[in-house]
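To start, the structure under review is shown below, and the notes come after it.
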Amino acid sequence: REQIVKTLIAAGLPVVAVPVWCVWKTAGGKAGCVVQHNADEVDRIAARGWIPLLHGDVVTDTHQGVAILSGDTIIHELCRHIPSLKRAVFLTDVDGVFDHDPAEPGARRIAEVRVRG
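Under the numbering used here, the first residue of the sequence shown carries the number 105, and numbering increases by one thereafter.
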């Protein structure tokens with residue numbers, strides 16, 4: 105994350121790293137069960153013209169102590185709570201979006217992703 109922030113700032117982008125580990129919480133270790141988040145703060149950061157940078161991380165969980173909160177779940181929650189959110193960029197170590205884990209045989213890259221609604 106630190107290298108990404110430095111690179112984006114060096115390119116002139118107003119990036120702000122937003123931690124999730126100390127604010128976001130899940131229940132039961134289920135990816136879709138976020139019980140606490142900082143979407144309001146992310147929205148305020150973006151409204152000031154800055155680019156909020158979040159990433160998946162370990163968070164506290166009400167049932168099992170800790171859980172992994174994925175970037176996919178983070179963006180899902182942000183979209184639910186920030187109606188004005190129009191764009192998101194994912195940085196990954198794989199070449200594109202796949203129909204399943206690209207480490208598995210037979211994974212196919214999806215050429216185009218369209219979102220409706």
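C-beta atoms are modelled at their ideal positions from N, C-alpha and C, and glycine is treated no differently.
- Under DSSP, Leu157 takes part in a beta bridge, and its partners are Ala121.
- With contacts defined by Cβ atoms closer than 7 Å, Ala121 and Thr166 do not form a contacting pair.
- For Ala114, no beta strand (DSSP E) segment is defined; the enclosing uninterrupted segment is the alpha helix (DSSP H) at 106-114.
- Annotation: Leu189 is outside any alpha helix (DSSP H) and is labelled neither H nor E by DSSP.
- The Cβ atoms of Ala143 and Leu182 sit closer than 7 Å to each other.
- Boundaries of the beta strand (DSSP E) harbouring Ala171: 169-173, taken from the DSSP string.
- The three-state reading of DSSP puts Arg213 in strand, counting E and B together.
- Boundaries of the beta strand (DSSP E) around Val138: 138-140.
- DSSP places Arg218 in no alpha helix (DSSP H); its state is neither H nor E.
- Asp165 is bridged by DSSP to Thr130, Gly169.
- The Cβ atoms of Ile155 and Leu117 lie closer than 7 Å to each other.
- Out of Thr164, Ala211, Gly200, the CA that lies nearest to the CA of Val217 is found in Gly200.
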